[in-house]
Structures are given as C-alpha cells and as structure tokens.
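Residue numbers (this note's numbering), protein chains in the order written: chain Y, 51 to 168; chain S, 83 to 176; chain Z, 1133 to 1272; chain F, 7 to 808; chain U, 3 to 494; chain D, 2 to 113. Even for Gly, the Cβ is constructed at its ideal location relative to N, Cα and C.
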Amino acid sequence: MNISGIGEFLTSLLILIGASMSMISAFGMIRFPDVYTRAHAATKSSTLAVLLTLSGVFLFLWISESFISVRLLLGIAFVFITAPVSGHLVCRAAYRSNVKLAQVSTRDELKNVIQQKE
Amino acid sequence: MIEMMLIVSLVFFILAIAVSVYRIIRGPSLPDRVLAMDLVGINLLSGIAIFSILLDTTAFFDVILLIGILAFIGTIALTKFIERGAIIEYKRDR
Amino acid sequence: MKINDVILQTVAKVVVFIILTLGVYIFLAGHHNPGGGFVGGLVLASALVLLYLSFDIKTVHKGLPFDFKLIAALGAFTVVAAGVGALFFNESFLTQTFLSWTWPIVGKMGVSTVTIFEAGVALAVVGVVITIILSISEDV
Amino acid sequence: MLITIIIPFLAALFVPILHKSIFRKLHIGWFVLFVPLVLFMLLARSIPSVSNGRAFVHAFEWIPAYGVNFTIYLDGMSLLFSLLITGIGALVVLYSIFYLSQRESLSHFYVYLLMFMGAMLGLVFSDNVIALYLFWELTSISSFLLIAFWFYRNQSRYGAQKSLLITVSGGIAMLAGFLMLYTMTGSFSIREIASSIHLHANHELFLPALVLILLGAFSKSVQFPFHIWLPDAMEAPTPVSAYLHSATMVKAGLYLVARFTPIFGVEPVWFWTVSIVGLVTLFWGSFSAIRQTDLKALLAYSTISQLGLIMSLLGIGSAVYALDFQPSSLILTSAAFAAFFHLINHSTFKGALFMVIGIIDHTVGTRDVRRLGGLMAMMPLTFTIALIGSFSMAGLPPFNGFLSKEMFFYAMNQVQAFNLFSISTLSALFPILAWIASILTFVYSMIIVFQTFFGRYKPDEFDRPPEEASFGMLIAPAILSILIVGIFFFPNVINRHILQPILLNVYAPLADAMEFDFHISAWHGFNLELFMTLGVVVFGAIVYKLLRHWMKIYGLFPEKWSFDSLYHFILERGEQAARSLTNTYMTGSLRHYFAYIFLFFIAAVGGILIYTGAFSIATNQDAPITVYEWIIAVIMMIAGIAIIFATSRLTAIILNSVLGFSIAGLFVMFRAPDLALTQLVVESVTTALFLLCFYFLPPFKQEEKPARNFQWTHALISISVGLVFIFIALAVNSNPMFDTIAHFFENADELTGSSNIVNAILGDFRAFDTMLEVVVLFLAGIGVYTLVKLKKGREEQNIEDQ
Amino acid sequence: MNNLVVLPMIIPLLTGIALFFFRSLLWLQRLISIGAMLAASAVSIYILHLIQRDGILRLDFGGWKPPFGILFVADSFAMLLVLAASVITVICLFYAFFSIGKAREKMYVYPFILFLIAGVNGSFLTGDLFNLFVCFEVMLLASYVLISLGGKRVQLRESFKYVAINILSSWLFLVAIAYLYGAVGTLNMAHLSQRIAEVGQGPLLTTISIVFLIVFSLKAGLVLYHWLPGSYRVAPTAIAALFGALLTKVGMYALFRVFTLLFYHQPEITHTLIGIMAGITLIGGSIGAIAYQNVRAIVTYNVIITVGFILIGLAASTTMGYEGAAYYFIHDMVAKALLFLLAGTMIALTGTAAIERMSGLIRNYPLLGWLYFIAILSIVGIPPLSGFIGKMLIGQAAIESHSYLLLALGFLSSLFVLYSLLRIFLNCFWGETIISEENEAPLKRGLLMPSILLAILSVGIGIAPEWLAPYVQDAAHTLANPEEYINAVLED
Amino acid sequence: METLMILLAGILVMAATYLLLSKNFIRVIIGTAILSHAVHLLLMVMGGLKAGNVPLLGENAAPYTDALPQALILTAIVISFAVTAFILVLAYRAYKELGTDDLEKLRGVDDE
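Here it is in structure tokens:
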C-alpha cells in the first residue's frame, strides 16, 4: 500500500468515524427525553460528525486526486458556523413557546431571569 | 476496502436520517421536529459528500453547500415562526 | 421583552457573504459546471432571505433600497433584450456568441454573451423570489 | 339591373338624414314613395323584351374564390315578382303615408321597408344561390324588424321572434341544401345547376338537398306546419302586413319552389311533398280562418290557405318533369299557369283587403268581428273595396279570383283524371280537398264582408265613431280593386306579357317543343269546374248560415294541441330542460370538473389504448437498478401513498417535500446535477411557501379526513388514470423508434463554448424556452404581488366587474 | 433568417416588461401598450404579405438549425391568427382604458394583457412542441393573473378552479410531450411529422395523439369546457372579451396544428373522435346557451358553441374545411370580442347581468342596440357579415366528408345561438323603457368606440372576404399538405 | 430501472389524482405538485436512463446521458415552481376572503 493508499484509508476512516458519530447522535435524538437534551445530540455531536466527514472527503480528494475543493472548505466553514446558532435558536424558541422540560429536570434557571426582567 | 468503509458510512448516515425522520413524525413538539429536520439536512449533506466520492465526481459539491444553507435558513425561519408567529417582520418592535 | 438576536445577526452577516459568494460562484460556474443563472439567483435570493429573517424589512431596506419588482422586471428585460441585441448585428434572434482562448497556466477561458442572458435570469429570479416572500410576509 | 337592388338600400341610407332635415314637417313617406315607383317603371320598361323570351344577365363578383357572386338574372319569373314587389310596394308606401302618423318613428319604418324592398328584389334577381340566401335572410330580418316596429309591445316582440326563428331555421336548412347542390354540381348558379343536375339525380345528396330546400321554401311561405308564425306576425303595422305578409315576402317560398322545379321536378317526392303540403295548408288555413275573431288574423289564415293553394298548383305543375314530359302530361302545365295567375290575383285582392282592415282598425279602433257590424252605411267606399276583395277571394265573378279559381279546379281535376303515379285513390282526394277548402274560403270571405259591414251597428263597442276614411288612405286599395276587376275583364294582357314567359322559365325544356297558348276566359261552358264553383257558393252559403251551429267542431281541436302551442311549449320547456340539464353537470364543484377530465382521459386514452392494442412491455433494455434507487423509490412510493391518508396539513406538506427532495435524489442518480441542484432549491422554496400560506389554516375537517372516509370511487378513478399513464409509458419505453436528437448537443463546447451541455441547451440552443420561462416566473412573481396587494373583495360591488 | 417573425411576440413582451418601470404614469402605459400592439399588427400584416411572396418564413433562434434549436414558423394560418389576435387586443385595450379602473391599471393590467397576447402569438408561431408548452404557460400565467386581478370574492373562487384545471392540463401536456419524445426522440414539429410519417402512425402514436387531443381540448373547451363558463364570467369586461376572443382559439389552433401536421395518418380514429367531440360540444354549448337568464352566461356558452363549430372543419379534414375554419377563426375573434364588450357595456350601464331586469335599452342607447344586433347576425352567420363565409365553407366541408350529422348539429347550433342572443335583444333592448332619461347612465364614447370598430371589422370581413381569400387559401393549403411545412422548416 | 421509475411515476400520478379529487385547497395544490413531480420523472425516463455520464463535457468521457430532457425538466421545474407559487397565494387569498378552504362550499351557482 503506497502513501496515497494509506492516506485514502485514513481519510475514509475519518469518514467512518464521522458517520458512526452521526449515528450515535441520531440515537440520542430518540433516547433523550425532551427537546433541550435532544438539542445536545442534534447540534453538538452531529456538527462534529459532519465536520469529520466533510474533512475526510476533502482530504480524500486532496490525496487521491490532488483536488482542493474550495466549495467543500466553504461548506465546512459554513456548517461550523451555523450549526451552533441553529441549535441555540431552536432551544430558545422551544423555551419561549413553553415547551415543557422533561420530568427528570431539576432546575430552570432561565425562568427566574425572565421573571426578574419582566 | 475503502469503498466498503464508505458504503458503511453511507448506510450509517441513511440510518441516521431514518431515525431523524422518525423524530419528525413523532414530534412531540414543534421544536423537536425542527431540530430533527436540521439533522436530516446535515446528514444528507454528509451523505452526498460520500456519495460523490463513490461516483467519482465533484459535480455535487454545490449541492452540499446548498443543503447546508437551506437547512440553516429553514431552521431559522421555523424558529422565528415558533417564537414570534411572523417569519419576516416589517419592523422589529420587541 | 425584546428578544435578543445578537448571535443570529452577527452570524448572519458572515454567513450572508458565504452564501453570496456561493451564489456568484454557481452563477458563473454554470457555463461549464452545474449551476447557472436560475440556481445562482435562487441562492442569492436565499442570502437576502436570511437577511430579512435575521433583521427586519425596514432595516434591510435601509441597506438595500431596491424595489424588487423592478429588479425582477430588469432581469426579465435583460433576458429578452439579450435576444433582441442579436437583431442589431443582423443575426437571428437570441444568437449568442462566445470567445474562448487558452491561457498558459489557467487553461481554457472564455467569455460569452450567454453570461448577460444568465445574469438576467439570475436578477429575475432574485427579484421574483423576494417579491413573493415579501408580499406574503407583509400580508400576514 | 344591379341598380334596382341598390337603389332601395341607398335610399334607406338617406332616410334618417332626410327625416331629420327636409322632411321634418312633410311625411318622409313621400320621398320613399319615389323609390318603388321609379323602380316599377324601370322594370315595366323591360316587359316587352322579356315577354319575347329575352333574359338579362349581369354578373358582379363578390367572392369569386368560392364561386359566390351577385349574378343578376332577369327573366319572366323574376320580372313578375319584381313588378309585384315594386308595384304593391308603391301602393303600400302610399297607403302608409296616411296610415302612420308623424309621431311614429318613421325613419326606422321606412329604412326597414326599403331594406326589405331591396332584399326582396335581390332575392328574385339572384341567380347565385348564395346571394339568394343572403337576400333571403335579409328579408327575414327586415320582416323581423317590421313586425316588432312597436317593440314595446310584448305581442310584437313575441311575433317578431317567432317569425325570425322559423324563417331563419328554414333559411339555414335551405343553405345546407344549397351547399349539397354545390357538392353535387360544383356550382352555385341556379341555371348551371339546372343544366347539370340530371347527371346527379341518383346522388345520395339529391333527396336531402331537395327536402332541405323545400323546408326553406315552406317556412317562408307559411306552409303547414310552419304557418304558425304568420298570425303572430300580424302585430306589424297594417301596411307591413299587406306588403310583406301577404303580397311579397311570403311568396318568396313560392318563387323558390318554382325556380327549383326544373332542378328537382324529376323526383316524384318533389311532386308529392309540394302538392300535398300545399293542399293540407290550403285546407287547414281556410279551416282555421273561420274561427278567427280578429280580422287581421283571419286574413293571415286566409293568406296561409291561399299560399297553400298556389303551392299545391306548383306541385302539380312539377309533375310534368316527373313524368318526363310525356305528351299527355303536358296538360298539367296549366297548373303552373294557374299558380302564377292566382299569385298575381292574390296579391291584388289580399292587398286590398288588408288595407281595408287597416282602415277599419284605424277609424274605429278595433278589428274584432264580434265588436264590428253595420259599417256599410258609414263607410260606403271602404265597403265597396272590401266587397270586391272578398268576392274575388271567394272566387266569384266578375272578379279575377274567379278566373284563377276555375283554373285551380281544372288543374285539380286533371290530377284525378291523370291518375298520377298510379295512386288513384290519393289523387282523387285532390279535387275533393280543394273543393272543401274552397267552400271554407267562401265562408270566411263572407265573414269579412257581412260581419263587418252588415249586421247590427254597435257604436258603443268602438273606440272612435266610424267615418269614411280619408281619401289618401283609400287611393291604394281603390287602385287594387280596379285591378281586380280589370284583370277579370282583360286577363290576357297579363297572360301574354307576363305569364307566358314564366311558363317558359319553369318548363325550359319545352321552350321549343310547344307554344304555351293558354287563353283565359271567364266562360268555358257548363263544365265540371263551373259546377264546382256553383257548389261552393251554394254550400258555402249554407255553411255560413249555420255557422253558429257547427262552430262547435273547433272545440274538438283544443288550443293546446295546435302547432302554435307546440312551438310555445318547446321554447318554454326547452329552456327549463336546458337549464336543469346544464345545472346537473355544471355544478361549480372543482371536484366534479376534475372527475370529468379524468373520466374522459380514462375513456378516451384508455379506450384507444385497448382498441388499437398499443400496449406492450419489454424490460430487457432497462438499465440495472442500484440499491440507492430502490431505497429512494420505496421512500417515494410510501410517501406518495401516505400523503393520501395524511390527517394534518403539516404532514401533507412535509410528505410532499419529502417527495420533492427524493426527486432531487433521483436526479443525482440519473446523473443530472443541474436538475438536482435546481430541484433542491426549488423544493425548499416551495415548501417554505406552502408553510407560509397554509400553516395558519385550521386543521383538516373531520369529514375530510380520508382515513375515515376513503372515497372508493375516487380511488378507482385515480388507479385507472395511473394505470393508463403507466401502460402508455411502458409501451413507449419498450418501443424506441428513433434515436433522440441529443447527440448534436454533445458538440456544445465547440458550438457554444460551454462544456455543461444542459446549460448550453438552456442558454443557447433552447434559449428561447429559457427566456419565456423567466417571463413565466416573472409573471408569477408580479401576479402574487397583485394578488396580495389588490383587494377588492371587501369593497362594494363594482358594477363594471359583474 | 427572418427576424421579423419574432416581432409579433417580442414587441408585446418587451414593452410589457418595460411598462413596469412606468407604474405611476398611467397615460404613458396606455400609450405604449396600444402603440406596441399597433406595431405588432402592422408587422403581422407585412409578414402576411411576405409569406404570399416568399412562402413560409421561419426563424431559427440563435441560428441553430432545426430540429436542434427552437424556431418560429410563420405560415399563413398562424399569421392570420396572429394578426387577428393583435388587432383584437388593440381594440380591447382601448376598451380597457375606459373601463378597467385605476386600481387595476396601477396593478399592471396592461403589462399582463401584453404578456397574454405575447403568449398567444407565440403559441401561434412556434414550431417546437415544447416551446408551445412554454408559450402556453406564458399565456396561462398571464390569464391566471388577469382573471384574479381585483381579488373579489367571486374572482378568487372561480379563478382557483380555473387555475387548478389549467395546471392539470399543463402537466398533461408535458406528459404527452414526454411520451412523444420517448417514442420519436425529437421536439421540432416538422421533424416529428417527418419521423412519424417515416415510422407510420402506429397504435402507440395514435394513443399518444389522444393524450394531446385531451390536453388541447381542455384548452380549447372541446367537450371538456365545464371550467369555461364560470371563469370567463368573473373577469372584467375587457379581459373577458380578450379571453373569449383568444384563449380557446389557441387550443383550437394547437389542435389544428397537431392533427394536420403530426397525427394525420389515422383520421378514422383521431378525426372521428374529434368529430364526435365537436358534436357533443355543439350540443352542450347550445343547451347551455339557452339555459340561463344571465347575459354573461349566455355569451360564454356561445364561445363553446363556436369551438364545436370550428372543429367540424378539422374533423372534416378537407382543404375546404380548413379554409372555413380559418375564416371562422378570424370572424369569431372579432365577433366574440364584440359580443363580450357589448354585454359588458350593458352590464356596466344597468348594473345587472340578469336579462329580466333590463328592458328597453334601445331607447336610451340606440347605437349600442344596433351594434348588438349586428353582433347577433354576424355570429349566427347571416350574410353579408363575417360569420357567413366560414360557416358556409365548414358546412361544405362537412358535406364533402359525409359528416352529415355534424353538418346538422353545426347548423342547428346557429339556431340556438340565434335564439339565445335574440332573447337578450328582445328583452333588454326592446320592451318597455324602464330607465328614464334622468336616470340614464351616460354611455362613455370610449366604451362604444371599440365595439363600433369591431362591428366595422365584422361587416368588412363579411363584405370583402375576397381580400382574405388568398391568405386563407394558402393557410388551408399548408394545413392540407404537411410536406410544405416540413420542407419549409427542414430544408436549408 | 425504467420500468421501476415508470411504476413510481404511475403511483405518484395515482396519488395526485386522488388528491386532486378532494375538496380541500391544499390537497388539490399538493396534488398538482405531486403531478408535476411525476411528470418530471416521466420526462427523465422517456429520455432514457441508459447509463451515461454526467453531461459535463471534459469531466468524463462520452457517452453522456441525454441532456435534452434534462434541459426540458429544468424549464418545467421553473414553470411548475412559478405556477405553484401563484396558486398557493391564490388559495391563501381565497381562504382569507371566503373564509373556507372547502371547495364544495365554493361552488357558486351559475345564474346568481
């Protein structure tokens, strides 16, 4: 196996890891009890998963075809920037539209803050 | 071998999408659905990236970025809708 | 209570530029790669939609004081006029022409009147999409 | 000759102008009077040459590309009719000057009248059947306008509508007949058709054409059962009734039958139809006339009956053709002779009678025989004219009606003697029917005279006290009564100069073979005809005396069984039926409308598919299916079916977008990145729009939840549509006939400098499509804007928009 | 290369777009729109003459030779219709100036009318099947907007149905195109014709042709006309007149084009079916025309009758039939526009569409009444008005092709037309005058002028059909001999 | 693959037909949207799905897939987008004005 072969193998491993991660975060989507906890699974781990996968693809192409795809880089940057924001917004929207917290939750700190402000 | 791994990853992503679709259908709250849709978008994007390696073409890279954009805009729009009812306001007053 | 949109607005400003870049890229790439005026236009429009989402109509209009109906009209006009242009060169309606030459490093490059045509398409698409979305939003 | 047709129209143009300027004080009729007078003189000048057998032809091209021309053809027959038109026309105009007061909208009246005159002249002068049709319809229209001259009266409108509907129907049938003749002979010229028709006598269209043209003639000449419009047409001012509805227009049908006898006469059907319809009309008209209480209606029915008489004579005359000019059959030419003679006579006495009735109506304000009586003393001159007219109509000497009535009996007797077409019993009916009808004619003629002018004088019944009519009003009928008597004493003037040439026209093939030498005389000795006339007088007198006793017979024919009420019934019920029928399928329900489309699609396309056996299937050329495609296909199928059962709006929208994104995925599979890209973005925007517009609506209603209310009929329709769709697609897929033209586009790089073929096609090869596509998009965008911004819904009803 | 050919479509298109920049300058909008349509009409006349001189003209867009590019083909048939459509639009625009109202004028009604006519003219001229679809869409989108412009409740209700049904028919059209492309592999109509002739119109192609038949029937209102009465009644008068005059004609034109150029090999199936459908349409239209007491309803059902009548000419498929149809096309555009305008004017004057609530209008508005009378006679086909020559020729064609039933239905339908329209005349124009002179709504001259122009046109065409004869004969000749069209398109 | 895709398109047509026959604005509109999907698919299939390459010259070698249907579909997609947008807003406005989304309540008599 030559260098590029190894490189390809490693990058596809990167992709596989990313894929597994996204798999796991998807399970989180099922298992977690409420929207706030699910948001962890949906945004944090899957962002990492996507990053891993896309970087894998990017590297793969770089290694195997020595092709630097600017679009892919842009894509990586884009996902990296936006995924947390959308997670944040969803959670906030959920809270403001009075989606109940799960039974197991112990504290709701924001409640006091909002009440104070109002 | 490499191809095998890629296909396995693809299957993973498809499974992830399936799970998210379950969440979309199941709910229970609207934010849940939105979250799941966002996830579908992100997974789809990764899947296509892998797929373009498999097909040996760069023609779909635009699609990747596009899905990212659309998913983001869609999520924002939906959250704004959930939060305030209106999606685009004429003048933000609160 | 005023909802704080600082995070969204900050990110939007950055992201809009990424999207706009992509839009222009897709628009230009159409000649040789997937893309073209229509998709490019849609992407540009989505950038604008993002702006409208994260700010509000009034604020955006301060920065972009266009009547999007007129932009759409301008686009459509460009498209048709691109066809009419050929008449002045005594060519068939809608005749496009192109020049391409091979550079030492960059490879084959070209300019084509199709670009004008496609620019019209993109403008029209941007105008139309924004018009539709704004019309509905203002009505709700 | 064209000038004769044009002059009335030109004059009609000047009437409104003159009416407003010069003739503000003076009656405009004086100007109009010149037209028929001048024309009459012009035409009279050609009598000598025409009676020598000459004919004038002038052709003016109208639409030569289709063989339609104004060919003016003046022969004896046209001349007779044109003289009647202008002669009676002049008298009627003269009469109308005194009949219609200045307060009426005279300019309209005379415009219509002149229009009619021109049209009628055109009709009798036209050799080209299409031009003839033109003038034919024009007479119908001017008659319509004249009948409804007092258009604010319900009855006038009703009568006008009835006459127009019936005559135009006839006209349209006639046009179809003409077109069939053209198809057979390749010509629109009557003379050319006549000369070549014998080649086509066995053509399948010959009989239909005959029937259709007869329909036209019958409807115009008020033959049974189309006679119903004439009594209602009496709503027109009396000059019009005298002119159009007794003397000229209703005779257009007779003219047509006479003209077409050389063409269709060879066919026995022609003989039978024309003569029997004529006889039935004769009988029915005279029978119905007696029961009328309105004098004008009585005259209308008498006109019907007299026209039937002439029609039957023309029919008998045509037998000469059917019998192929056997020498023995030539005696029947006397029937045609009698027909034209009676036609002239009828115009004279009926014209006079109408004018008399008009005078009575004008003076005392009623035309009801039950209210009239004893007018002889007050109106001696009117009485005299009425007497002359009625007795002439009854067929008494010394009036012209006697002569033609005798000839009529003679012709009828010949039929019986002749035993035409070996149907002896039927032909025996001819004279009997004719005789009975004559008795009835006698009776109603007597009613006119005796019930109006004799009997008890009932001044209370009148609106105005009776007095002798003004001199001007009496001139025209007086001239006619002089003619009535004059013709009786000098019939052969007309005979030689006018009637003989006509016979040559009708029996053109006989022109060389024999001389028509009918000598009309009042006295033939004691022959059968004279006895018949005597019988008519005797029995007629008895019947008239016993009138009150046998009037009950009319009770046997209740009003609602008449053709008149049939017509009414058809219109009334037709409208209702049409309404309910249309309402059954024009439900306004989109669902029904879609169902019609789908059912028609299934029936037509599916039917043809099965009928032609186009279905075939071959999967051997298919590309292999990969697992991804399976996955997407299955997802789409599930989504597609699930969407039917979706219970909430949101689910339906989301499933729809699943379909859209899957399509984008399929495009990726099909190696169409451009499409995938576009579909992706478009689907997102569409979904967004769906959500924007419809998220706010209330949830699907309970009954709309299809899971509980699955519509099996709808399912059946949709499955059938889908199956038809699939079968054709499979058949197309398994029968590739040609390579596509796509290989050309693979040179896109050299041709357009673009290496993206799809975009090269969009931007260059098929840029026109793209251009219009942008316009469509643009339209939709602005359309949405206008929809949202322009809200008239809550405003008051804007009248303009109804 | 003949760039002239594109002008009848591109002038309205370009000016239509340009008008968007003059939204508030209403007078300028009016001026430009009418100028554009006049120019288009003038160009059409010129092209018509060129065709007489040089034969069929074609314009390959972008210089791409058929069958690869899109092209416009101007034969006499198409150009006659283009000319008629353009002239009618001028007149309807003129009517719109006085009737449509400021609100709609500001909402771009003129550009939309111009787009409509651009789509119509494009549909007449195009020589490419897919482009026909696109032109249809331009026309339809414009019609959607125009029909719903104003947003009144009835408008919204009916336009939704109209739009939904037309969308279905559009997609069906695409289905048909897809089938045909799959089978024959080309889109250019001449090329299609050539290929179909080469392979023979087998069962499959016949079946596909029926799909086309259904699509165009929907547009033309042949049998599937149920959407038509509702939707045509809700639009403002000037627009309804345009619809009544033009829209169904486009569908009929497509039927003529497709079934004379492409699918003419199996007339015993296709043309028989068309004949049957024409007959049903005549019956349905006739019954509908006498069913209602509403002026607009009566008038719209008359549109349907015409559809059946013109298609007798196609069912007969003889040169005579095509000539008659061409004449009738032109006549009907003029006459239907006239009828719609008059009906609209009546409604505007009295404020009601129910005929029993109008009476004696002729006393108040004599000219209007006589114009209406002329319109009736013209539509019934009384010579010497424009309807006659077409009716005569179609009748002859029906006889020639032994379709006597169609002949009977066609001619009988004229009676229904007469009865239905006469009823309006008798009830509304004649009868007791119920509007006193003081209450008389003034009749703007602008509302009457267009009708007068149309009436003059109708009389003119009726009196001098000979002037049109060379063009019409050429049109029919081309329709009857598809190889001429093919040669003109495919030879260099 | 063609057969499968034809079947798929057929099923979509069935679903679309069923939806068009319902009495609800949105279902009718979704019906038209699904129908447009089916039509695009059909156009694609009719162009032939023979394994060809992405129609980008230079990137791959011939044979390419038939590019013409792709161009047609692209046009059709845009048009269907335009039309769908319009009818959506129309339905929305109609709902707002008329207060119902039940088409059966919007029949309207022909002679009012």
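Local conformation of F/V63 per DSSP, three classes:
strand
Let me see if you follow: with CB-CB separation under 9 angstroms, is Y/T93 close to chain S or not?
yes
Taking three-plus beta-carbon pairs below 8 angstroms as touching, is the stretch 318 to 335 of chain F in contact with the stretch 248 to 267 of chain F?
yes
Endpoints, alpha helix (DSSP H) assigned at F/L140:
V135 to I153
Under three-state DSSP, which class holds F/T390?
helix
With a CB to CB cut of under 7 angstroms and the five nearest residues on each side skipped, what residues in its chain are close to F/S410?
A344, F347, H348 and N351
How would you list, in chain order, the residues of chain F whose beta-carbon sits under 7 angstroms from the beta-carbon of U/W66?
F771
Endpoints, the alpha helix (DSSP H) within which U/T208 is located
P205 to A222
Where does F/A713 land, buried or exposed, given buried means 16+ other C-beta within 10 angstroms?
Low confidence applies here, because F/A713 scores a pLDDT of 47, under 50, leaving its location unreliable; read the following figure in that light. So F/A713 counts as exposed.
For F/Q685, I'd like the list of residues in its chain whose CB is within less than 7 angstroms of its CB, leaving aside the five on either flank, ordered along the chain.
G666, I669, A670 and F673
Within the same chain, show all residues whose beta-carbon is closer than 7 angstroms to that of F/Q298, passing over the 5 residues directly before and after it, in chain order.
L304 and Y307
With burial defined as no fewer than 16 other Cβ atoms inside 10 Å of the residue's Cβ, what is the status of U/T480: buried or exposed?
buried
Within 10 angstroms of its Cβ, does U/K221 collect 16 or more other Cβ (buried), or is it exposed?
buried
Does Z/T1142 pass the burial test, meaning 16 or more other C-beta atoms within 10 Å, or should it be called exposed?
exposed
For D/N25, does the three-state DSSP call read helix, strand or coil?
strand
Since F/T684 is in the alpha helix (DSSP H), which residue starts that stretch and which ends it?
P679 to F700
Cβ-based contacts, 7 angstroms cut-off: residues of the stretch 64 to 87 of chain D near chain Z:
V79 and A86
Can you check whether the C-beta of U/R447 is within less than 9 angstroms of a C-beta belonging to chain C?
The chain inventory of the structure shown lacks chain C, comprising the protein chains Y, S, Z, F, U and D.
Step through the CB atoms of chain Z and report whether any lies within less than 9 angstroms of the CB of D/L44.
no
Compile a chain-ordered list of the residues in the stretch 1154 to 1170 of chain Z whose CB is closer than 9 angstroms to at least one CB of chain F.
I1158, A1161, G1162, H1163, H1164, N1165, P1166, G1167, G1168, G1169 and F1170
At a CB-CB cut-off below 8 angstroms, which residues of chain F make contact with S/L152?
L686, V687 and S690
Measure the C-alpha to C-alpha separation of Z/V1171 and D/A86 and round it to an integer number of angstroms.
17 angstroms
Contacting residues, own chain, Cβ-Cβ under 6 angstroms from F/L144 (five flanking each side not counted)
A125
Checking the sheet assignment: what are the DSSP bridge partners for F/N762?
D/L57
Drop a sphere of 10 angstroms on the beta-carbon of Z/A1256, count the other beta-carbons inside from all chains shown, and report buried for 16 or more, exposed for fewer.
buried
Any chance you could list the beta strand (DSSP E) runs of at least 3 consecutive residues sitting entirely within the stretch 379 to 416 of chain U, in chain order?
none
Bridge partners for F/L336 per DSSP, in chain order?
F/L336 is not bridged to any residue.
With burial defined as no fewer than 16 other Cβ atoms inside 10 Å of the residue's Cβ, what is the status of F/V246: buried or exposed?
buried
Taking all protein chains shown into account, do 16 or more other C-beta atoms lie within 10 angstroms of the C-beta of D/R28, making it buried, or fewer, making it exposed?
buried
Could you tell me the alpha carbon to alpha carbon distance between U/L151 and F/V790, rounded to whole angstroms?
10 angstroms
Cβ neighbour criterion (16 or more within 10 Å) applied to F/I363:
buried
Determine whether the Cβ of U/A337 lies closer than 9 angstroms to any Cβ atom of chain F.
no
Using beta carbons (cut-off 9 angstroms, strictly below), is Y/A144 in contact with chain Z?
no
Z/T1263 in three-state terms, based on DSSP
helix
Boundaries (first-last residue) of the alpha helix (DSSP H) holding Y/R81:
I53 to R81
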